[in-house]
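Okay, structure first, notes after.
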Amino acid sequence: MSSIKQTRRTLVASVLALVVCAAMLIGTTFAWFTDSVSSGKNQIVAGNLDVDLQYATVENDALTNWTSVQNATDLFGDGLWEPGYAQVVYLRVENLGTLAVKYQLSMNIVSETAGKNVAGDEFLLSDYLQYGVVEGKTTPFASRADAIAAVENPVALDTYSTTGKLEANAEPQYVALVVYMPTTVGNEANYRDEVVPTIELGVNLVAAQDTVESDSFDNTYDQNAGYPVSTVIGASDAEGLKDALQNPGVPTEITIEETLEDLNRLTVTGDVTMNMGTNMLSGSITGVVGADIEITDGGKLTINAEANSGLNYNAGKLTASGKGTQLTVNGGKYGDSGAWNSDITAENGAVVTLNDGSFSTSGSPGHAATATSGGTLYIYGGSYSTSGASSITIYADGGTVYVENYTSISANGDNFGVANGGVIYVSKTLSQPTNVADGCTVTDGGDYWVIAEA
């Protein structure tokens with residue numbers, strides 16, 4: 395009997411011990427060998443590309459007063475060119491950024507005025523000038539003869555370019571440009587007319603990322619980085635304009651020098667800045683109807699323009715479509731017509747920024763600016779109007795619109811409207827929107843008035 399009691403006590407004790415062990419296991423884990431290593435702070439730093447081209451003056455047989463050539467107009471002096479005359483410009487290229495760069499240095503003829511020689515024949519000054527480059531020149535030439543002799547392969551003055559590379563923190567690279575009129579030139583360049591032959595020369599430096607820095611794979615991620623280019627488009631160069639707008643990977647600056655007429659729809663796939671002034675891209679031969687422009691496939695377009703009076707539009711309908719696609723408008727006058735059309739559209743993930751300008755449509759109904767299908771529209775200024783019946787001037791149709799400021803807004807209908815989950819945020823620096831489309835609500839969203847579907 396005593397043995398049975400003892401066995402029961404032992405069994406009860408064992409069960410209690412098991413219960414206690416189970417309770418201890420709740421909230422804990424089985425023991426294993428462990429170790430840990432934690433990284434310190436990891437900083438992600440953006441690199442920057444910054445290159446400068448500087449020129450020097452000569453004082454006491456030394457190069458001094460290095461100054462950026464940006465906007466400089468006195469590089470070649472104001473001398474009168476004649477046989478034996480020479481000019482030297484001392485330059486250096488300096489990498490001021492944190493990224494390695496490849497660069498292209500060029501000299502080009504900006505403009506030239508022809509003259510007539512003693513025989514009455516017309517001539518160009520550039521036909522009688524010689525030009526050369528001397529690399530690594532860090533001290534001035536001792537004489538004119540030394541400068542001319544240092545040019546190993548002189549060529550006729552024409553557009554010239556040379557390339558180089560500079561890593562970050564590298565020493566500047568030096569070059570001397572030598573331009574001279576050979577003593578063999580005779581009266582064929584001796585003018586005898588009221589019109590004085592002149593030539594304007596420009597020096598230009600462009601730079602792009604070089605394949606030096608590496609990521610987790612190799613150093614080829616920027617091998618396709620192109621040099622920025624500049625081009626001037628005249629009235630008869632429609633094909634040149636179309637080509638310049640479609641050059642992906644090459645930052646391109648376009649200056650519209652004259653109005654272009656009878657254009658079809660223009661497509662932008664490159665990285666383009668277009669300086670228009672008051673000139674127009676017209677979709678007709680009358681110069682009234684603006685040509686439509688579509689930015690797509692990750693293209694980027696910045697328009698700098700000045701508005702015209704009357705029904706003279708810088709361009710027509712502007713549409714940015716697709717992720718990575720961007721449109722920025724700084725001034726100008728844009729108009730469109732046709733039912734359900736929008737003068738400005740950000741669609742399919744594209745981003746449009748309107749800093750200034752006049753945007754209108756006469757479509758019935760129509761929109762001045764629209765964000766649709768995931769597009770985003772930022773409005774920082776400008777005038778917006780619709781004249782067609784039942785129109786909505788600023789419209790978010792499945793997209794997002796941020797209205798920070800504007801000069802004026804008017805509608806033959808409603809100023810604001812949303813649909814398909816679209817939202818409009820109007821800065822509280824502006825009055826609370828009241829002219830909104832049916833089915834929309836305006837609520838207080840902190841810094842913004844929020845216009846959404848009811």
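Residue numbers (the numbering used here): 395 to 848. Yeah, the Cβ is synthetic: ideal placement off N, Cα and C, and Gly gets one too.
With distance defined between alpha-carbon atoms, name the residue in Leu560, Ala539, Glu516 and Val572 nearest to Tyr525. For Tyr525, the nearest C-alpha among the options comes from Val572.
Boundaries of the alpha helix (DSSP H) in which Ala848 is found, first to last residue: Ala848 -> no alpha helix (DSSP H), and no H or E assigned at all.
Which of helix, strand or coil DSSP assigns to Asp656: Residue state, collapsed to three classes: coil.
What's the call for Glu476, buried or exposed, on a 16-neighbour Cβ count within 10 Å? Here Glu476 is exposed, its C-beta having fewer than 16 other C-beta atoms within 10 Å.
Within 8 Å, do at least three Cβ pairs link the region 596 to 611 to the region 526 to 536? Remark: fewer than three beta-carbon pairs, one from each stretch, lie closer than 8 Å, so the region 526 to 536 and the region 596 to 611 are not flagged as touching.
In terms of residue numbering, what span does the beta strand (DSSP E) encompassing Gly729 cover? Counting along the chain, Gly729 sits inside the beta strand (DSSP E) bounded by residues Gln720 to Asp730.
According to DSSP, which residues form a beta bridge with Gln498? DSSP lists Thr557 and Val600 as partners of Gln498.
Which runs of the beta strand (DSSP E) spanning at least 3 residues fall entirely within the region 723 to 794, listed in chain order? Entirely contained in the region 723 to 794, the beta strand (DSSP E) runs reaching 3 residues are, in chain order, 736 to 741, 745 to 755, 761 to 766, 770 to 773 and 777 to 791.
For Ala796, the nearest candidate out of Ser758, Trp843 and Thr835 (CA to CA): The identity of residue 796 in the sequence shown is Tyr, whereas the question assumes Ala. Ranking the options by Cα distance to Tyr796, first place goes to Trp843.
What are the boundary residues of the beta strand (DSSP E) that includes Glu633? Glu633 -> not in any beta strand (DSSP E); alpha helix (DSSP H) instead, spanning Ala632 to Leu639.
Kindly indicate the opening and closing residues of the beta strand (DSSP E) around Asp446. Looking at the DSSP string, the run of the beta strand (DSSP E) that includes Asp446 is Val445 to Glu453.
Taking 9 Å as the cut-off, decide whether the C-beta atoms of Ala740 and Thr722 are in contact. At least 9 Å separates the beta-carbon of Ala740 from that of Thr722.
Applying the criterion that 16 or more other CB atoms from any shown protein chain within 10 Å of the CB defines a buried residue, is Thr713 buried or exposed? A residue is called buried once 16 or more other Cβ atoms fall within 10 Å of its Cβ, and Thr713 is buried on that count.
The alpha helix (DSSP H) that contains Asp540, what's its start and end? In this chain, the alpha helix (DSSP H) harbouring Asp540 covers Arg538 to Ala544.
Check whether the Cβ atoms of Ala790 and Gly816 sit closer than 9 Å, and answer yes or no. Yes, the pair counts as a contact, with Cβ atoms nearer than the cut-off.
According to DSSP, is Asn673 helix, strand or coil? Here Asn673 carries a coil assignment [DSSP, helix/strand/coil].
Assuming Ala763 and Ser779 form a contact by the criterion Cβ under 8 Å, report the distance between their Cβ atoms to the nearest whole angstrom. With a Cβ gap of about 11 Å, Ala763 and Ser779 do not count as contacting.
Does the region 537 to 553 touch the region 462 to 473, meaning 3 or more C-beta pairs lie closer than 8 Å? Judged by Cβ distances under 8 Å, the region 462 to 473 makes no contact with the region 537 to 553, as fewer than three pairs qualify.
Which of the three DSSP states is assigned to Ser804 in this structure? The three-state secondary structure of Ser804, taken from DSSP, is strand.
Buried versus exposed, by CB contacts within 10 Å (16 or more), Val483: By the neighbour-count definition (other C-beta atoms within 10 Å, threshold 16), Val483 is a buried residue.
Taking Ala456 as part of the beta strand (DSSP E), name the residues at either end of that continuous run. Ala456: member of the beta strand (DSSP E) spanning Ala456 to Ser462, first to last residue.
Which same chain residues end up closer than 8 Å to Val589 when comparing Cβ atoms and leaving out the 5 residues on each side of it in sequence? Once the five neighbours on either side are set aside, the close Cβ partners of Val589 are Thr507, Ala508, Gly509 and Lys510.
Residues that DSSP places opposite Phe611 in a beta bridge: Its beta-bridge partners do not exist; DSSP assigns none.
Going by Cα to Cα distance, which pick from Thr646, Leu654 and Asn673 is closest to Thr667? Checking every option, the nearest Cα to that of Thr667 belongs to Thr646.
Please say whether Thr672 and Glu700 have beta carbons closer to each other than 9 Å? The Cβ atoms of Glu700 and Thr672 sit closer than 9 Å to each other.
Tell me whether Asn465 is buried or exposed, calling it buried when 16 or more other Cβ atoms sit within 10 Å of its Cβ. It is exposed - the Cβ of Asn465 has fewer than 16 other Cβ atoms within 10 Å.
Helix, strand or coil: which one does DSSP assign to Ser703? DSSP, reduced to helix, strand and coil, places Ser703 outside both helices and strands of the structure shown, so it counts as coil.
Val830 versus Ile786: straight-line alpha-carbon distance, rounded: Straight-line measurement puts the Cα of Ile786 at about 8 Å from the Cα of Val830.
Using a Cβ distance threshold of 8 Å, determine whether the region 513 to 520 contacts the region 444 to 461, with at least three qualifying pairs required. No, the region 513 to 520 is not in contact with the region 444 to 461.
Taking all protein chains shown into account, decide if Ser736 is buried (16 or more other Cβ within 10 angstroms of its Cβ) or exposed. Flag for Ser736 reads buried.
Alpha-carbon to alpha-carbon, Ser758 and Asn724: Approximately 27 Å, taken between the alpha carbons.
Ala733 beta carbon less than 9 Å from that of Ala709: Cβ distance not < 9 Å, so Ala709 and Ala733 don't count as in contact.
Coil, strand or helix - Thr837 by DSSP: Three-state result, Thr837: strand.
Short check: CB of Ala773 to CB of Glu798, under 9 Å? Reading off the sequence, residue 773 comes out as Ile, not Ala. With respect to Glu798, Ile773 sits close: the two C-beta atoms are nearer than 9 Å.
Given Thr801, which residues of its chain have a CB within under 7 Å of its CB, disregarding the five upstream and five downstream residues? Contacts found: Gly775, Gly776 and Ser777.
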